[in-house]
Amino acid sequence: ITDLSRPVHVPRIVFSQLSLRGLAHDPMNGEAHDLPYPNLQHLREVLASLLSVDSKSSKLFLKQVNEGVFYRTIRGGFYVGDQWDFAFYRFPDVEELEAHHFAWWRSAQAS
């Protein structure tokens, strides 16, 4: 996706793994009441298709974030890459945020 010789490319990409809560184990019926995805039914269908026997082993689910990041859904950290380099920026887990960055963590939950 960052190969400049391809017709469709981006110079750099930033992404993270987002929590799926109950959808991770049961995409069609799992609890997802606090997830900020605007089209939850589409996400459920994408995840269910991954469980299908004849499906690809992975899918890119594009989500444009205009409102900002819902930090409670970040799992692990942020990845930044281009065709030459790749970096990972670890995001603290909830226990660490509550113990060492409580004021910021509480303010981040207001979004």
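To convert, count from 1 in the sequence shown and add 1162; that's the working numbering. C-beta: ideal position from N, C-alpha, C; glycine also.
- One Cα belongs to R1206, the other to V1176, and the distance between them is close to 23 Å.
- Between the stretch 1201-1220 and the stretch 1172-1191, the count of Cβ pairs shorter than 8 Å is three or higher; the stretches touch.
- In the structure shown, the three-state DSSP call for G1238 is strand.
- Pairing S1219 with L1213, the inter-Cα distance amounts to about 9 Å.
- Taking the Cα positions, A1265 is about 9 Å away from L1259.
- Its chain contains I1236, G1238, G1239, F1240 as the residues whose beta carbon lies nearer than 7 Å to that of F1253, once the 5 sequence neighbours on both sides are disregarded; these appear in chain order.
- Take R1174, set aside five residues on each side of it, and the residues of its chain with a beta-carbon closer than 6 Å to its own are D1244, in chain order.
- Distance between P1189 and E1257, taken at the CA atoms: about 26 Å.
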